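Participant: Structure below; questions to follow.
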Amino acid sequence: MVTESDVTTGLCTVFLRHTSASLVIQENADPAVLRDLARWMEGVAPEQGDYEHDAEGPDDMPSHLRASITRSSEGIPITRRKLCLGTWQALYVWEHRATGHRRELVVHVAGD
Amino acid sequence: MVTESDVTTGLCTVFLRHTSASLVIQENADPAVLRDLARWMEGVAPEQGDYEHDAEGPDDMPSHLRASITRSSEGIPITRRKLCLGTWQALYVWEHRATGHRRELVVHVAGD
Amino acid sequence: MVTESDVTTGLCTVFLRHTSASLVIQENADPAVLRDLARWMEGVAPEQGDYEHDAEGPDDMPSHLRASITRSSEGIPITRRKLCLGTWQALYVWEHRATGHRRELVVHVAGD
Numbered sequence: 091m092v093t094e095s096d097v098t099t100g101l102c103t104v105f106l107r108h109t110s111a112s113l114v115i116q117e118n119a120d121p122a123v124l125r126d127l128a129r130w131m132e133g134v135a136p137e138q139g140d141y142e143h144d145a146e147g148p149d150d151m152p153s154h155l156r157a158s159i160t161r162s163s164e165g166i167p168i169t170r171r172k173l174c175l176g177t178w179q180a181l182y183v184w185e186h187r188a189t190g191h192r193r194e195l196v197v198h199v200a201g202d
Numbered sequence: 091m092v093t094e095s096d097v098t099t100g101l102c103t104v105f106l107r108h109t110s111a112s113l114v115i116q117e118n119a120d121p122a123v124l125r126d127l128a129r130w131m132e133g134v135a136p137e138q139g140d141y142e143h144d145a146e147g148p149d150d151m152p153s154h155l156r157a158s159i160t161r162s163s164e165g166i167p168i169t170r171r172k173l174c175l176g177t178w179q180a181l182y183v184w185e186h187r188a189t190g191h192r193r194e195l196v197v198h199v200a201g202d
Numbered sequence: 091m092v093t094e095s096d097v098t099t100g101l102c103t104v105f106l107r108h109t110s111a112s113l114v115i116q117e118n119a120d121p122a123v124l125r126d127l128a129r130w131m132e133g134v135a136p137e138q139g140d141y142e143h144d145a146e147g148p149d150d151m152p153s154h155l156r157a158s159i160t161r162s163s164e165g166i167p168i169t170r171r172k173l174c175l176g177t178w179q180a181l182y183v184w185e186h187r188a189t190g191h192r193r194e195l196v197v198h199v200a201g202d
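Protein chains in written order, with our numbering: chain A, 91 to 202; chain B, 91 to 202; chain C, 91 to 202.
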């Protein structure tokens, strides 16, 4: 998408239009990192939490909690027509609900 | 503010000038979500924490902790002169101190 | 860096190219705040965590966890050729590994 935009130097902003999923930049090499991350987050914001908001199922409120401490937007500079992510970085959409949902991202690219 | 700025397509960056309050994008529908969020955060960064930094009251250091894992800035794309927030999203200033404080936001809008 | 860029009004985006360190805007006055923050984070994402990903040492996976709930990017508006940080705000690179690492930041400045 950045290549299509014809921007050599600039800024790419990624925005996720949801409150029960979020963005996270994490290691792209060992898939065990994402598994450890998910397992740990289940402890930080557990499904068994006696939440007042439970009309949308027991996995909904913990999803909001997990989204609140991760990211809704991320700004990534563009250099030489590429996102300047580090060697080990990838940007993930993190689904916090128990079942898959269709998720919408908005990507804004500006520069020269 | 975005409408006033006369930008049709662009980027709105919101920045909060404080370290004991923060930004969070959360559900705008059921107010119970915000209550659950606050209650959960009180457990994650508790007021009873045996903090070294306590000169500004027992609610100050937990406020810094809560701010550190939520957001100071948020980048939200603008399309058709509107923030492209999702249907259920709202951007909140989250006051972490026990009593209300005057808080300053800086909003930057760029685009065409 | 912002002063060098000759931008009077604009946006500065700071991006950290790592997944075991992160950005955080925190109080710049009392160094005890940073010590309390570090001690608290050690409890939130502990080194003793029975992680699947442990090939890079016991301090690596907790570093990824800590980075996931803090920031990879931060957008700070520029006014009158200066970052509009609040009086008590400073932007820190937070090293989550046990030993120091060389870290790369990318800073993007846009404006007039």
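Backbone N, C-alpha and C define an ideal beta-carbon position, used for all residues, glycine too. Computed from a predicted model, the values in this text were never measured in an experiment.
#1: Report the partner residues of residue 204/B according to the DSSP bridge assignment.
#2: Measuring alpha carbon to alpha carbon, tell me which residue in 154/C, 106/C, 100/C, 153/C is nearest residue 104/B.
#3: Going by other Cβ atoms of all chains shown within 10 Å of its Cβ, with 16 needed for buried, is residue 138/B buried or exposed?
#4: Does the beta carbon of residue 187/B sit closer than 8 Å to a beta carbon anywhere in chain C?
#5: Where does residue 117/A fall in DSSP's three states?
#6: By Cβ distance below 8 Å, which residues in the same chain neighbour residue 163/C in space, the five residues on each side in sequence not counted?
#7: Is the distance from the Cβ of residue 191/A to the Cβ of residue 123/B below 8 Å?
#8: Could you work out which residue in 117/A, 197/A, 130/A is closest to residue 208/B when comparing CA atoms only?
#9: Give me the chain A residues within the contact set of residue 151/C, using Cβ-Cβ distance strictly less than 9 Å, ordered along the chain.
#10: Closer than 8 Å by C-beta to residue 111/A: which residues in its own chain qualify, once you throw out the five before and the five after it? Chain order, please.
#11: Would you kindly check if the distance between the Cβ of residue 93/C and the Cβ of residue 201/C is under 8 Å?
#12: Quick one: does the C-beta of residue 94/B sit closer than 7 Å to a heavy atom of the ligand GDP?
#13: Which of helix, strand or coil does DSSP assign to residue 185/B?
#14: Please classify residue 198/B: does DSSP put it in a helix, a strand, or coil?
#15: Pull up the distance between the alpha-carbon of residue 135/A and that of residue 150/B, whole angstroms please.
#16: Spatial neighbours of residue 195/C within its chain, please: CB distance less than 8 Å, with the 5 preceding and 5 following residues excluded, ordered by chain position.
#17: Would residue 117/B be called buried (16 or more neighbouring beta carbons within 10 Å of its own) or exposed?
Facilitator: Answer, in terms of the structure:
#1: Nothing in the structure corresponds to residue 204/B, since chain B is present only between 91 and 202.
#2: Each of 154/C, 106/C, 100/C, 153/C was checked against the Cα of residue 104/B, and the nearest Cα belongs to 100/C.
#3: Within 10 angstroms of the beta-carbon of residue 138/B lie fewer than 16 other beta-carbons, which makes it exposed.
#4: So, not an interface residue.
#5: Secondary structure at residue 117/A: strand, using DSSP grouped into helix, strand and coil.
#6: The residues are 103, 104, 105, 106, 113.
#7: When the beta-carbon positions are compared, residue 191/A and residue 123/B stay at least 8 Å from each other.
#8: Because residue 208/B is not part of the residues shown, which for chain B are 91 to 202, the question remains open.
#9: What residue 151/C touches in chain A: 122, 123, 126, 127, 130.
#10: Contacts found: 153, 157, 183, 184, 185, 186, 187, 191, 193.
#11: Going by beta carbons, residue 201/C and residue 93/C fall outside the 8 Å limit.
#12: For the structure depicted, the ligand GDP is absent and the ligand set is empty, with no information on it obtainable.
#13: Secondary structure of residue 185/B (DSSP, three-state): strand.
#14: When DSSP states are grouped into helix, strand and coil, residue 198/B belongs to the strand group.
#15: Rounded to whole angstroms, residue 135/A to residue 150/B spans 23 Å at the Cα level.
#16: Cβ neighbours of residue 195/C within its own chain (closer than 8 Å, five residues either side excluded): 104, 105, 106, 107, 183.
#17: Around the CB of residue 117/B, 16 or more other CB atoms lie within 10 Å, so the residue is classed as buried.
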